[in-house]
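Remarks on the structure that follows.
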Amino acid sequence: MKFNNRGDDNSVYRLLSLLQTKLPYPVKELKRIRKQVYLVITDYNWLILKEFPSYKKLKIQEAFTNSLHYEGFQATYRFFSFDQDPIIIDNCIYGCIEYIPGSLKPFSYGEKESRQEALVLLGQYYECTEKLVDAYQYVLPHFDIYEKWTERSKQFKANLPVAAPFIKKNLLQELTSWMDWTLYQLEKEKANMANEKKVILHGDVAHHNFIRGLNGHLYLIDFDLISIGPRSMDYLQFANRILPVIGWSHSQLQKMNLLQPFLHERSFLIGLAFPTDILREWNRLIRQNKMENDLAREHVVELTEQQFSKRRKFVYKMMKLTD
Numbered sequence: 003m004k005f006n007n008r009g010d011d012n013s014v015y016r017l018l019s020l021l022q023t024k025l026p027y028p029v030k031e032l033k034r035i036r037k038q039v040y041l042v043i044t045d046y047n048w049l050i051l052k053e054f055p056s057y058k059k060l061k062i063q064e065a066f067t068n069s070l071h072y073e074g075f076q077a078t079y080r081f082f083s084f085d086q087d088p089i090i091i092d093n094c095i096y097g098c099i100e101y102i103p104g105s106l107k108p109f110s111y112g113e114k115e116s117r118q119e120a121l122v123l124l125g126q127y128y129e130c131t132e133k134l135v136d137a138y139q140y141v142l143p144h145f146d147i148y149e150k151w152t153e154r155s156k157q158f159k160a161n162l163p164v165a166a167p168f169i170k171k172n173l174l175q176e177l178t179s180w181m182d183w184t185l186y187q188l189e190k191e192k193a194n195m196a197n198e199k200k201v202i203l204h205g206d207v208a209h210h211n212f213i214r215g216l217n218g219h220l221y222l223i224d225f226d227l228i229s230i231g232p233r234s235m236d237y238l239q240f241a242n243r244i245l246p247v248i249g250w251s252h253s254q255l256q257k258m259n260l261l262q263p264f265l266h267e268r269s270f271l272i273g274l275a276f277p278t279d280i281l282r283e284w285n286r287l288i289r290q291n292k293m294e295n296d297l298a299r300e301h302v303v304e305l306t307e308q309q310f311s312k313r314r315k316f317v318y319k320m321m322k323l324t325d
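Residue 3 is where the sequence shown starts when you use my numbering, and the numbers rise one by one after that.
Next up, the structure:
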């Protein structure tokens, strides 16, 4: 029995000891993957040990992934359920998740075929979760993009005394104008968005939440941000994630069959103009007190400035299409 650790040795030793009493087979090795996420290696199988904010959130995700499998969506993991008390160390609650062996070539939005495959998988996920909305409507939060982006905008503006010296003045003026325009227009669309058919949204369709398995199949993981809302909200986030990859090309978006219906919706086009990635990264940088970290700060500056002329052209096109 051994562990590979980059943190508090005492906590990991106690976690390892507790695992030995909880699991029905001996633990050979415990490896820290990232903060509060471990790989558990046993003679029988491999598991992921992950910390959850509360016991309630752990049980919701256990139930939800079971529901996905029951409704026919197999492209994700299951939880290992304990008959007795959960794994708790230093008031931290952990869940055990089935390990999905990944391909040597990680999934990336950089490949056209991979982007298309991710869209297909999300479509299958929504076909399933549409059936689960009634069961989870009083358990999960209801997603409100206007509220989310209003809060993100307020935080960004509050951070400007710190961030502004590192953002070119003309770029900052344009970013804030796009931000304000989007929120003004979205507020007028709230009634229309409220009438859209609901599903259980994934909430974080970043590339790292798709895993290419050793068997070649694509899997969807990490349900920390699930909520109830129209599927267009996840597709909007997907589009925002891939736009820098496809050079802010509206025509490339139009070629994606599963996105085509949404590219005719005014609220969707409005959302595409919001500089959500830039606001998110500046807010995170300042929240994590990394402004003095030259490498981290320059990464966000580069994110802000790269392809800005292409982004500008795209945003103005979205504004014109929504007139």
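The beta-carbon is built from N, C-alpha and C at its ideal position, and this holds for glycine as well.
Three-state secondary structure (DSSP) of residue i
i	result
Thr131	helix
Arg2	Nothing about residue 2 can be reported from this structure: the residues present for the chain run from 3 to 325 only.
Lys2	Any answer about residue 2 is impossible in this case: the structure gives the chain only from 3 up to 325.
Glu64	helix
Glu149	helix
Gly97	strand
Lys292	coil
Gly74	coil
Ile90	strand
Glu198	coil
Leu113	According to the sequence shown, residue 113 is Glu rather than Leu. If DSSP states are grouped into helix, strand and coil, Glu113 belongs with coil.
Phe276	coil
Glu189	helix
Residues near residue i in its chain [Cβ-Cβ closer than 6 Å; skip 5 each side]
i	result
Ala120	Phe212
Gln63	Phe225
Ser69	Leu134
Proximity below 8 Å, CB of residue i to CB of residue j
i	j	result
Ile43	Tyr79	no
Lys200	His252	no
Val39	Lys52	yes
Asp45	Pro28	yes
Leu281	Phe168	no
Pro143	Ser229	yes
Residues near residue i by beta carbon distance below 7 Å, same chain, minus five either side
i	result
Leu20	Ile89 and Ile91
Lys312	Gly249 and Trp250
Thr324	Gln187, Arg268, Leu271 and Ile272
His71	Arg80
Top-ranked residue by Cα proximity to residue i, from the options
i	options	result
Thr306	Asn285, Glu294, Leu323 and Arg289	Asn285
Pro55	His71, Asn93 and Thr131	Asn93
Val302	Pro232, Leu287 and Phe310	Leu287
Tyr128	Gly231, Glu283, Gln262 and Pro277	Gly231
Met321	Phe276, Ser83, Gln76 and Asn242	Phe276
Lys58	Ile95, Glu31 and Leu106	Ile95
Leu162	Gln175, His209 and Trp151	Gln175
Glu218	Phe109, Leu134 and Lys114	The residue asked about is misnamed: residue 218 is Gly in this sequence, not Glu. The candidate whose alpha carbon is nearest that of Gly218 is Phe109.
Leu265	Ala137, Leu216 and Tyr237	Tyr237
Asp279	Ser155, Ser105 and Gly125	Ser155
Glu283	Ala165, Gln22, Asp146 and Thr23	Ala165
Tyr148	Glu73, Asn194, Leu245 and Gln118	Asn194
Phe145	Gln262, Leu227 and Ile244	Leu227
Leu260	Thr152, Asp182 and Val122	Val122
Leu185	Leu173, Asn12 and Glu153	Glu153
Gln22	Arg289, Lys61, Lys107 and Phe84	Phe84
His209	Arg36, Gly112 and Leu18	Gly112
Ala160	Arg289, Leu17, Lys170 and Gln262	Arg289
Asp206	Leu220, Gln76, Arg243 and Trp183	Arg243
Asp136	Ile202, Arg34, Ala196 and Gln309	Ile202
Which residues DSSP lists as bridging residue i, in chain order
i	result
Phe212	Leu222
Trp48	Ile43
Ser229	Leu203
Arg16	Note: Arg16 sits in no beta bridge, so no partner.
Gly104	Gly215
Arg36	Val39
Near the ligand ATP: residue i beta-carbon under 7 Å from a heavy atom
i	result
Leu18	The model depicted lacks the ligand ATP and carries no ligand whatsoever.
Neighbourhood of residue i by C-beta distance below 8 Å, restricted to the same chain and skipping five residues each side
i	result
Gly104	Ile213, Arg214, Gly215 and Leu216
Lys150	none
Arg314	Glu176
Gly125	Leu260
Trp180	Ala275, Phe276, Pro277 and Val317
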